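Heads up, the thing below is written out as structure tokens.
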Amino acid sequence: MSGPWLTKEAHARLVRELATLRRPGTDDRFGDDEIAHKTHRQARIRQIEDMLRGAVVGQDPPDDGIAEPGMVLTVRYDDGDTETFLLGTRDEAGHGELEVYSPDSPLGRALHGAKPGDRREYRVPSGGAVHVTLLDAKPYGRHRETAH
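Here it is as structure tokens:
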């Protein structure tokens, strides 16, 4: 995959947000607040444009059990806790109770390319190491079908 993986819903939401941000309007902000608001607005426009430019939209990765963006991963931590989440862009929304982790996060980088049974390690901000085992990886579309 070339760019970030997005669901169709997330892509549509980002397109709507971009249109709203580009729409000329009157702000009731003045002085430094107006400058800060415009700077933030322009930064968000660039961020969304960059994300949409190479985005892979709604196309499920191969159903090969390998962890990559667009896959719903189930992992087990060494303390026995399990977690299921979408490996995708943090701007994803509307997944109900399904958490989203970025492929660029420490956990996302550690799991990329893993197969069920693979044990990986990643570092947390405090410097400690966390071990995680991939239990399952399935395309987001297949997860949605079985979740409904």
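Residue numbers are given in numbering that gives the first Met the number 0: position 48 of the sequence shown equals residue 47, and the series is strictly consecutive. Glycine residues also receive a C-beta, built at the ideal position from the N, C-alpha and C atoms. Remember, it's a predicted structure, so these values are computed and weren't measured experimentally.
Start-to-end residues for the alpha helix (DSSP H) that takes in residue i
i    : result
Glu8 : 7 to 21
Where the beta strand (DSSP E) containing residue i begins and where it ends
i     : result
Leu85 : 81 to 86
Glu98 : 98 to 100
Collapsed DSSP secondary structure at residue i in the structure displayed
i      : result
Asp117 : coil
Pro105 : helix
Ala136 : strand
Val129 : strand
Gly2   : coil
Bridge partner(s) assigned by DSSP for residue i
i      : result
Leu72  : Phe84, Ala136
Arg122 : Ala128
Nearest-angstrom Cβ-Cβ length linking residue i and residue j, presumed shorter than 8 angstroms
i      : j     : result
Leu17  : Ile47 : 5 angstroms
Asp62  : Gly69 : Going by Cβ atoms, the distance from Asp62 to Gly69 rounds to 11 angstroms, so no, they are not a contact pair.
Leu134 : Val74 : 6 angstroms
His130 : Asp77 : 5 angstroms
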